[in-house]
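**Q** 448 is the number that our numbering gives the last residue of the sequence shown; the numbers go up by one with no jumps. Here a beta-carbon is modelled for each residue, glycine too, at the ideal position from N, C-alpha and C.
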Amino acid sequence: MKDTAGCMYCDEAVEYVVHDEKHHVKVLDDEYDVILKYARCKKCGHKVYPHKLAIYNDKVVYDKYRERKGLLTSSQIKEIRKKRKMNQVELAKFLRLGDKTIARYETGTIQEKSLDLLLRLVDNDEAFEAIKKLNSKKK
Ligand SMILES: [Zn+2]
Numbered sequence: 310m311k312d313t314a315g316c317m318y319c320d321e322a323v324e325y326v327v328h329d330e331k332h333h334v335k336v337l338d339d340e341y342d343v344i345l346k347y348a349r350c351k352k353c354g355h356k357v358y359p360h361k362l363a364i365y366n367d368k369v370v371y372d373k374y375r376e377r378k379g380l381l382t383s384s385q386i387k388e389i390r391k392k393r394k395m396n397q398v399e400l401a402k403f404l405r406l407g408d409k410t411i412a413r414y415e416t417g418t419i420q421e422k423s424l425d426l427l428l429r430l431v432d433n434d435e436a437f438e439a440i441k442k443l444n445s446k447k448k
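#1: Nearest CA to the CA of Lys442: which residue from Phe403, Thr418, Asp372, Ser384?
#2: Going straight from the alpha carbon of Lys335 to that of Glu438, what length do you get?
#3: At what residues does the beta strand (DSSP E) containing Arg390 begin and finish?
#4: Taking only three categories from DSSP, how would you classify Ile419?
#5: In chain order, what are the residues with a CB under 6 Å from some non-hydrogen atom of ligand 1?
#6: Could you say which of Leu337, Tyr325, Asp339, His333 lies nearest to Tyr347 if we only look at CA atoms?
#7: Take Val357 and list the residues in its own chain whose beta-carbon comes closer than 6 Å to its own, dropping the five residues that flank it on each side.
#8: Counting C-beta neighbours from all protein chains within 10 Å, is the total for Leu400 16 or more, i.e. buried, or is it exposed?
#9: Would the beta-carbon of Tyr371 fall within 8 Å of that of Gly407?
#10: Can you confirm whether Leu443, when its beta carbon is compared against all beta carbons of chain D, has any partner nearer than 8 Å?
#11: Rank Tyr341, Glu415, Leu380 by C-alpha distance to the C-alpha of Lys331 and give the top, closest one.
#12: Beta-carbon separation of Leu430 and Ile419 under 8 Å?
#13: Val323: buried (16+ other C-beta within 10 angstroms of its C-beta) or exposed?
#14: Check His328 in the structure and name its three-state DSSP category.
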């Protein structure tokens with residue numbers, strides 16, 4: 310099945326053509342150029358906004374910010390979690406964070422530098438074992 314999006318002009322779900330556009334974006338304290346993906350209706354040529362591309366564009370914008378600031382990207386955070394065979398809630402609990410914290414960072418929210426450091430510790434075998442030991446101690 311082909312991807313479709315709602316076209317305001319055709320008043321129906323239409324197939325679309327994707328193209329790249331260069332944009333200058335401002336994120337927090339930084340600004341830079343990114344190549345984002347936009348779509349046009351195959352029938353009338355007007356712009357359509359597939360949800361899938363919005364998610365893709367957010368990831369491009371935020372991951373570039375992270376790269377520029379030396380922070381882990383959302384995919385890298387996910388890789389670290391998978392390496393430790395934990396789901397998002399388990400990793401959040403392991404780091405004594407709110408249940409939804411990891412899910413937020415894997416889907417776009419930019420992590421604070423302190424949290425970035427915690428995630429890098431999870432990636433490090435010795436640090437990981439040390440945290441595990443601390444967490445296993447009875448209160
Ligand atoms: Zn159209």
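**A** Quick answer:
#1: Phe403
#2: 39 Å
#3: Note, Arg390: premise wrong, no beta strand (DSSP E); alpha helix (DSSP H) at 383 to 392.
#4: If DSSP states are grouped into helix, strand and coil, Ile419 belongs with coil.
#5: Matched residues: Cys316, Tyr318, Cys319, Val323, Cys350, Lys352, Cys353, His355.
#6: Tyr325
#7: Cβ within range, chain order: Ala314, Cys316, Tyr325, Ala348, Cys350.
#8: buried
#9: Not closer than 8 Å, so no.
#10: Although the question refers to chain D, the structure presented lacks it and comprises just one protein chain.
#11: Tyr341
#12: no
#13: With 16 or more neighbouring CB atoms inside 10 Å of its own CB, Val323 falls in the buried class.
#14: strand
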